[in-house]
Amino acid sequence: MIKIATLGPAGTFSDVAAQRYAQSFNEVVEVVYFSHLQRVLMATGQGCDFALVPIENVSEGFVPVVLDHLVNADLHIVSEFNLDIAFDCIGQVDKKTDIQRLFVQFVARGQCRDFISSLGDIELVATESNVESLQRAEAEPGAAAIIPSHIAANKRSSWSQSGVHDYAHNQTRFLVLSDNPNRMGGGTKTSLLVINEADRPGLLEQVLHCFSTRKLNLTSIVSRPTGEGFGKYHFFMDVEGSLSDIAMRGALKSVSQIARLKVLGNYNSL
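Residue numbers (full-length UniProt numbering): 1 to 270.
#1: When we look at the beta-carbon of residue 170 and count the other beta-carbons within 10 Å, is it buried (16 or more) or exposed?
#2: For residue 293, collect the residues of the same chain with a Cβ closer than 6 Å to its Cβ; drop the 5 residues on either side in sequence, then sort them by chain order.
#3: Expressed to the nearest angstrom, what Euclidean distance is found between the alpha-carbon atoms of residue 178 and residue 42?
#4: Could you please give the first and the last residue of the uninterrupted alpha helix (DSSP H) stretch that includes residue 138?
#5: Please say whether residue 222 and residue 106 have beta carbons closer to each other than 7 Å?
#6: Buried or exposed: where does residue 33 fall if 16 or more other Cβ atoms within 10 Å of its Cβ makes it buried?
#7: Whose CA, out of 250, 266 and 225, lies closest to the CA of residue 68?
#8: Can you name, in chain order, every residue of its own chain whose Cβ lies under 6 Å from the Cβ of residue 151, other than the five neighbours on each side?
#9: Give the DSSP-derived three-state secondary structure of residue 150 in the structure shown.
#10: Once you ignore the five residues that flank residue 114 on each side, which residues in its own chain have a CB closer than 6 Å to its CB?
#11: Below 7 Å CB to CB, which residues in the same chain sit around residue 133 once its five sequence neighbours on both sides are set aside?
#12: For residue 2, which beta-bridge partners are listed by DSSP?
#13: Is it buried or exposed, residue 88, if we count other Cβ atoms within 10 angstroms and call 16 or more buried?
#14: Contact check, residue 28 vs residue 4 under 8 Å by CB: the rounded distance?
#15: Quick check on residue 65: does DSSP put it in helix, strand or coil?
#16: Got a sec? Which residues, its chain only, sit under 6 Å from residue 260 by beta carbon, not counting five neighbours each side?
#17: Figure out for me which residue from 268, 174, 241 and 143 has the closest Cα to the Cα of residue 93.
#18: Going by DSSP in three states, residue 234 sits in which element: helix, strand or coil?
#19: For chain B, check one thing: does any of its Cβ atoms lie closer than 7 Å to the Cβ of residue 264?
#20: Taking only the alpha-carbon atoms, compute the straight-line gap between residue 208 and residue 122 and give it to the nearest angstrom.
#21: Does the beta-carbon distance from residue 116 to residue 172 come in below 7 Å?
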């Protein structure tokens, strides 16, 4: 049996993503839910074969806890895919202006800022999951919750408003991680971590030059603080190309001569 760790409880966007990934196997798959991303990331090698985690949202950018964990963890990216993200607001009220308290998961809050602002000066209560938001709002008159549209579609409420997310084409990118390097079967996208141990001036420019001279396209560059002082950063990069390409191998060899390089994965998008 294949076990996939993801952020729970059942019904979350992470769960939807995990169920979608489970369909790629021709054997029985169990989705195992954890309450925090850190626990999801640590589940591989401890009873779970894969960890499925959100890495990037079109409006909120990258998920810091995932990036930071990848610096030292022995994990490999084996696949990725994008999931459409839509939110509704439902409540135990007759109309929108009757909302006194809004329950919203901390990530959802960042993706629904315009709608939340339109509610005026009401009490906002941050929750750990969208399911928690729903449960707490259902138990309290005058309360409302922002929840995934696929959950709202199956709920009856006194009032609701659909599509409360800020961007019409809202999506989240998910990564599938494994502690088994043999599951990294190759693909058209390569993710890298450049670790700036020497804190040398102009390092990023030199690294970029290694790729640009070989006509390799970088689709993203993200800096994360090392925690060792201001101005010290690691760099996460996504590059179009396979590890089997001559140009890619040449670029990685050049980068490894000026900085510590970690290949996080070479994979395809589902």
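Ideal placement from N, C-alpha and C gives every residue a C-beta, glycine not left out.
Result, derived from the coordinates:
#1: Locating residue 170 in the sequence shown gives position 170, where the first residue counts as 1. So residue 170 ends up on the buried side.
#2: With the chain running from 1 to 270 in the structure shown, residue 293 is simply not present.
#3: The residue labelled residue 178 in the question sits at position 178 within the sequence shown. The residue labelled residue 42 in the question sits at position 42 within the sequence shown. When only Cα atoms are considered, residue 178 and residue 42 end up about 10 Å apart.
#4: The residue given as residue 138 occupies position 138 in the sequence shown. DSSP places residue 138 in the uninterrupted alpha helix (DSSP H) bounded by 130–138.
#5: In the sequence shown, residue 106 corresponds to position 106, counting from 1. In the sequence shown, residue 222 corresponds to position 222, counting from 1. Against a cut-off of 7 Å, the Cβ pair of residue 222 and residue 106 comes out as no contact.
#6: Counting from 1 along the sequence shown, the entry for residue 33 is found at position 33. Label assigned to residue 33: buried.
#7: Position 68 of the sequence shown, counted from the start, is the residue given in the question as residue 68. Among 250, 266 and 225, the Cα nearest to that of residue 68 is on 225.
#8: As a first step, residue 151 must be located in the sequence shown, where it is residue number 151. If the five residues before and after residue 151 are omitted, its C-beta is found closer than 6 Å to the C-beta atoms of 11, all from its own chain and listed in chain order.
#9: Here residue 150 is taken as the residue at index 150 of the sequence shown, counted from 1. Collapsing the DSSP output to three states places residue 150 in a helix.
#10: Counting from one through the sequence shown, the residue named residue 114 turns up at place 114. Excluding positions up to five away in sequence, the list reads 166.
#11: The residue you call residue 133 lines up with position 133 of the sequence shown. 103, 104, 105, 127, 145, 146 and 147.
#12: Indexing the sequence shown from 1 puts residue 2 at position 2. Its beta-bridge partners are 29.
#13: Taking the first residue of the sequence shown as 1, we reach residue 88 at position 88. Residue 88 is buried by the Cβ-count criterion.
#14: As a position in the sequence shown, residue 28 is number 28, starting the count at 1. As a position in the sequence shown, residue 4 is number 4, starting the count at 1. Taking the Cβ atoms as the reference, residue 28 lies roughly 12 Å from residue 4, outside the contact range of under 8 Å.
#15: In the sequence shown, the residue the question calls residue 65 occupies position 65. Reduced to three states, the DSSP call for residue 65 is helix.
#16: Translated into positions along the sequence shown, residue 260 becomes position 260. Residues 195 and 197 of the same chain have their beta carbon placed closer than 6 Å to that of residue 260, with the five preceding and five following residues left out of the count.
#17: The residue you call residue 93 lines up with position 93 of the sequence shown. For the set 268, 174, 241 and 143, the Cα lying nearest the Cα of residue 93 is the one of 143.
#18: To locate residue 234, count along the sequence shown from 1; it is residue 234. Three-state DSSP puts residue 234 in a strand.
#19: The chain labelled as chain B is not found in the depicted structure, where only one protein chain is given.
#20: Numbered from its first residue, the sequence shown carries residue 208 at position 208. Numbered from its first residue, the sequence shown carries residue 122 at position 122. Put simply, the backbone Cα of residue 208 is about 47 Å away from that of residue 122.
#21: Locating residue 116 in the sequence shown gives position 116, counting from the first residue. Locating residue 172 in the sequence shown gives position 172, counting from the first residue. The answer is no: Cβ separation not under 7 Å.
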